[in-house]
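Notes to accompany the following structure.
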Amino acid sequence: MTTLVIDIGNSRIKWAIADRGHLLAPGEACPHSAIDALHGHWARLPPPTAVRYVTTAPGPISARVTELSQTLWGITPRRVRTPKEGAGIRIAYPDPGQLGTDRWLAMAGAAARGLLPACIVDCGSAITVDAVNPHGHHLGGVILAGLATQQLGLAQRTPGLPPIDVEGELTHLATDTRTGLRSGLVLGTAASVEGLYNRLQAATELDLRLVLTGGDAETLRPHLPASLHAPDLVLEGLAHGAVST
Ligand SMILES: Nc1ncnc2c1ncn2[C@@H]1O[C@H](COP(=O)(O)OP(=O)(O)OP(=O)(O)O)[C@@H](O)[C@H]1O
Ligand SMILES: CC(C)(CO)[C@@H](O)C(=O)NCCC(=O)O
Ligand SMILES: [K+]
1 MTTLVIDIGN SRIKWAIADR GHLLAPGEAC PHSAIDALHG HWARLPPPTA VRYVTTAPGP
61 ISARVTELSQ TLWGITPRRV RTPKEGAGIR IAYPDPGQLG TDRWLAMAGA AARGLLPACI
121 VDCGSAITVD AVNPHGHHLG GVILAGLATQ QLGLAQRTPG LPPIDVEGEL THLATDTRTG
181 LRSGLVLGTA ASVEGLYNRL QAATELDLRL VLTGGDAETL RPHLPASLHA PDLVLEGLAH
241 GAVST
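Structure below.
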């Protein structure tokens, strides 16, 4: 009775096999451009009994994932969508369907791990920062550009600047262009997240646990106070939500 859970983000596809609400070993994240390689990975899996996915980027990639699942196992994957209330989370948006399903699932994953009250920061193509109280009530949140998205923006609008390599020295007092760009990206984004976290703590009057997930969580974490890294929170929420909703 295993379920293949898949998170189709704007940059990458993440997946794992889940059993009764818990993740077994997650697979490697796969860029959209490498989707054909998934066929090879999935063909080696013991056939799942169900396939569930979340997408923030509907279109050809979701269609391709659906086709792979149908070809390999004859299963049409179910797309999960944000409910008003589900998997231990009540959504703050008056129109819950507007909230990215990955955001609901990350909150559900945090609730399932007993991490509430929390400020959940999903560091993907976009960075989302959401506050959830101890009862699983989502209180709201914000969306900003992620690291790769910021890099792309600079590369397009300021083509005279060199490309940014996130590996290397970080300092607020950079004395060369590459260090300044890298430090602005990493330290500047971490400072944004920290500032938002502090403001959310003040606004909600809650002692929120700072929980990081998403592809850039590890890059940002060293520059954030006492944060907890939960690498597969969306997939965990998907595994958990699949059995509880
Ligand atoms: N091996 C890698 N390949 C590509 N991006 C990577 C890799 N490792 C880390 N990243 C970072 O991951 C980020 C994307 O994260 P993630 O895969 O969680 O996003 P996503 O789920 O596709 O996006 P979103 O949920 O916002 O639609 C990029 O900003 C990039 O810097
Ligand atoms: C913000 C992203 C892209 C983050 O993956 C996703 O959650 C999304 O497409 N959200 C829809 C808009 C919203 O959450 O309000
Ligand atoms: K995501």
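Residues 1 to 245 (the UniProt record's numbering) make up the sequence shown, in order.
Positions of the beta carbon are idealized from the N, C-alpha and C atoms, including for glycine.
Nothing here was measured: the structure is a model prediction, and the numbers come from that model.
Delimiting residues of the beta strand (DSSP E) encompassing residue i
{"i": "Ala-110", "result": "That residue, Ala-110, is in no beta strand (DSSP E); its alpha helix (DSSP H) goes 101-112."}
{"i": "Pro-26", "result": "22-26"}
{"i": "Asp-36", "result": "That residue, Asp-36, is in no beta strand (DSSP E); its alpha helix (DSSP H) goes 35-43."}
{"i": "Ala-230", "result": "Where Ala-230 is concerned, there is no enclosing beta strand (DSSP E), given that its DSSP letter is neither H nor E."}
{"i": "Gly-116", "result": "The amino acid occupying residue 116 in the given sequence is Leu; Gly does not appear at that position. First-last for Leu-116: undefined, no H or E at that position."}
{"i": "Thr-76", "result": "Here Thr-76 belongs to no beta strand (DSSP E), and DSSP marks it neither H nor E."}
Range of the contiguous alpha helix (DSSP H) that encloses residue i
{"i": "Ile-61", "result": "60-73"}
{"i": "Leu-220", "result": "217-220"}
{"i": "Gly-153", "result": "147-157"}
Inter-residue CB distance, residue i and residue j (contact presumed, cutoff 8 angstroms)
{"i": "Thr-56", "j": "Val-80", "result": "Their Cβ separation, rounded to whole angstroms, is 12 angstroms, which puts Thr-56 and Val-80 out of contact at 8 angstroms."}
{"i": "Thr-66", "j": "Thr-76", "result": "7 angstroms"}
{"i": "Arg-2", "j": "Asp-122", "result": "Looking at the sequence shown, residue 2 is not Arg but Thr. The Cβ separation is near 25 angstroms, so there is no contact."}
{"i": "Gly-168", "j": "Arg-182", "result": "6 angstroms"}
{"i": "Ser-11", "j": "Pro-31", "result": "7 angstroms"}
{"i": "residue 267", "j": "Leu-235", "result": "Look at the range of the chain in this structure, 1 to 245, and you will see that residue 267 is not part of it."}
{"i": "Arg-44", "j": "Val-5", "result": "Contact doesn't hold; Cβ gap of about 17 angstroms is too wide."}
{"i": "Gly-136", "j": "Ile-89", "result": "5 angstroms"}
{"i": "Gly-195", "j": "Ala-112", "result": "The pair is not a contact, with the Cβ atoms about 28 angstroms apart (cut-off 8 angstroms)."}
{"i": "Leu-144", "j": "Ile-127", "result": "5 angstroms"}
Coil, strand or helix - residue i by DSSP
{"i": "Thr-175", "result": "coil"}
{"i": "Leu-170", "result": "coil"}
{"i": "His-240", "result": "helix"}
{"i": "Tyr-93", "result": "coil"}
{"i": "Leu-196", "result": "helix"}
{"i": "Gly-160", "result": "coil"}
{"i": "His-138", "result": "strand"}
{"i": "Ala-126", "result": "strand"}
{"i": "Gly-9", "result": "coil"}
{"i": "Thr-213", "result": "strand"}
{"i": "Gly-188", "result": "helix"}
{"i": "Gly-180", "result": "helix"}
{"i": "Ala-57", "result": "coil"}
{"i": "Thr-49", "result": "coil"}
{"i": "Ala-29", "result": "coil"}
{"i": "Ala-87", "result": "coil"}
Candidates the options, of which the one nearest residue i by Cα
{"i": "Ala-29", "options": "Lys-14, His-135, His-137, Gly-124", "result": "Lys-14"}
{"i": "Val-166", "options": "Leu-187, Asp-95, Val-234, Arg-157", "result": "Leu-187"}
{"i": "Ala-92", "options": "Gly-114, Ala-63, His-138", "result": "His-138"}
{"i": "Tyr-197", "options": "Val-142, Ser-11, Leu-154", "result": "Val-142"}
{"i": "Leu-116", "options": "Thr-219, Leu-208, Ile-6", "result": "Leu-208"}
{"i": "Gly-97", "options": "Val-54, Thr-204, Gly-195", "result": "Val-54"}
{"i": "Ala-226", "options": "Pro-162, Ala-239, Val-193, Val-234", "result": "Val-193"}
{"i": "Leu-228", "options": "Ala-202, Ala-110, Ser-33", "result": "Ala-110"}
{"i": "Arg-46", "options": "Trp-73, Gly-59, His-22, Ser-33", "result": "According to the sequence shown, residue 46 is Pro rather than Arg. Nearest C-alpha to Pro-46: Trp-73."}
{"i": "Ser-69", "options": "Gly-27, His-223, Trp-42, Arg-103", "result": "Trp-42"}
{"i": "Pro-48", "options": "Ala-34, Leu-23, Pro-60", "result": "Leu-23"}
{"i": "Ala-87", "options": "Asp-95, Pro-94, Arg-103", "result": "Arg-103"}
{"i": "Ala-217", "options": "Pro-159, Ala-155, Ala-148, Leu-152", "result": "Ala-148"}
Neighbour flag for residue i against chain B, beta carbons, 7 angstroms
{"i": "Ala-87", "result": "The displayed structure is made up of one protein chain only, and chain B is not part of it."}
Next on the checklist: Just to be sure I understand the criterion: a residue counts if its Cβ is closer than 6 angstroms to at least one heavy atom of ligand 3. Which residues meet that?
Outcome noted: Every residue passing the under-6 angstroms Cβ criterion appears here: Gly-9, Asp-102, Asp-122, Gly-124, Gly-214, Val-234.
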